[in-house]
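Asker:
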Amino acid sequence: MLQTFLGVSKLINSHQTLLLTPTPYPSESLAGYLLRLTEKNYYESPNWILQLAGLKAQKGIYIYEKPREPSCLSQLIRVEDKQLFFMASLPYETVYESNIRHYTIYKHGRKLCPQCLKESAYCQMIWDCQIVKACPKHQCLLIQKCPACQKDIKWSRPGVTQCKCGFDFRTTLPSLADSYQVNQSLYLYKLNSDARLLSKSNYQ
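This is how it looks when you write it as structure tokens:
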């Protein structure tokens, strides 16, 4: 814990970026990316990264579509603000103007697809949508509670694939979703993908 604190203090004082900043996946959520950065950089919690950027998860994150200057979060993780804006497509609310999004990181009740995590360990934006209950690719139900400890899956955890209790989500046996749940997820997934492509084209 002390080593982590000293490392954070050193970064704050020297205004450096995180040591490891892998490229975000096209469909990766902002909350999921921060969790992946936490794991890659050996932090105990994503809250350390938010602290470095001067942010607090419970108050949300203001994401500007066309900022006048790079945000602290953008500089810290070496990802442009316009890309952070795309990654914050769900869940968000428009604030004051259409080019500002208030992105809320929900600490409890995260959802995920164990089969997707087996293929690639990152959290998808579509999982953050409240009405999405199934994975359109694997046609299985998303899990919201850890099968081992039976507690809600939390954002602040050791890693993308691991619960606080140590359980590996990738070992979860999938439960088949019904056709309505799959079709609904497929429609919303395509809708969100099309919206992101349209938004990106505005910058080209």
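Take any residue in the sequence shown, note its place counting from 1, add 217, and you have its number in this note's numbering.
Ideal placement from N, C-alpha and C gives every residue a C-beta, glycine not left out.
The structure displayed is predicted, hence computed values, not measured ones.
(1) May I ask you to report which of helix, strand or coil DSSP gives Gly249?
(2) Which term fits Asp395, buried or exposed, when burial requires 16 or more other beta carbons within 10 angstroms of its beta carbon?
(3) Pull up the distance between the alpha-carbon of Tyr339 and that of Pro375, whole angstroms please.
(4) Terminal residues of the continuous alpha helix (DSSP H) containing Leu293?
(5) Candidates Glu336, Gln361, Lys335 and Cys357: which alpha carbon is nearest Gln347's?
(6) What residue range is occupied by the uninterrupted alpha helix (DSSP H) comprising Leu272?
(7) Suppose you measure from the CA of Leu269 to the CA of Gln292; what does that come to, to the nearest Å?
(8) Should Cys330 be labelled buried (16 or more other beta-carbon atoms within 10 Å of its own) or exposed?
(9) So, does the segment 249 to 264 touch the segment 231 to 240, judging by three or more C-beta pairs under 8 Å?
(10) Evaluate Ser402 with the Cβ neighbour count: other Cβ atoms within 10 Å of its Cβ, from every protein chain shown; 16 or more gives buried, anything less gives exposed.
(11) With distance defined between alpha-carbon atoms, name the residue in Gln332, Asn409, Ala248 and Ser337 nearest to Ile294.
(12) So for Asp369, helix, strand or coil by DSSP?
(13) Does Asn400 pass the burial test, meaning 16 or more other C-beta atoms within 10 Å, or should it be called exposed?
(14) Excluding five sequence neighbours on each side, which residues of the same chain lie with their C-beta closer than 6 Å to the C-beta of Glu245?
(15) Which class does Leu359 belong to by DSSP, given the choice of helix, strand or coil?
(16) Going by the CB atoms, is the gap between Thr389 and Pro364 shorter than 8 Å?
(17) Indicate whether Val377 and Leu334 have their beta-carbon atoms separated by less than 8 Å.
(18) What did DSSP end up calling Gln379 once you bin it into helix, strand or coil?
(19) Excluding the 5 residues flanking Ser410 on each side, which residues of the same chain have their C-beta closer than 8 Å to its C-beta?
(20) Specify the secondary structure class of Leu301 as computed by DSSP and reduced to three states.
(21) Give the C-beta separation of Gln300 and Lys350 to the nearest angstrom, bearing in mind that I take them to be a contact with Cβ-Cβ under 8 Å.
Answerer: According to the structure shown:
(1) helix
(2) exposed
(3) 13 Å
(4) Cys289 to Ile294
(5) Gln361
(6) Note, Leu272: premise wrong, no alpha helix (DSSP H); not H, not E.
(7) 11 Å
(8) buried
(9) yes
(10) buried
(11) Ala248
(12) strand
(13) exposed
(14) Tyr339
(15) coil
(16) yes
(17) yes
(18) strand
(19) Ser244
(20) helix
(21) Contact flag wrong, Cβ pair sits at about 28 Å.
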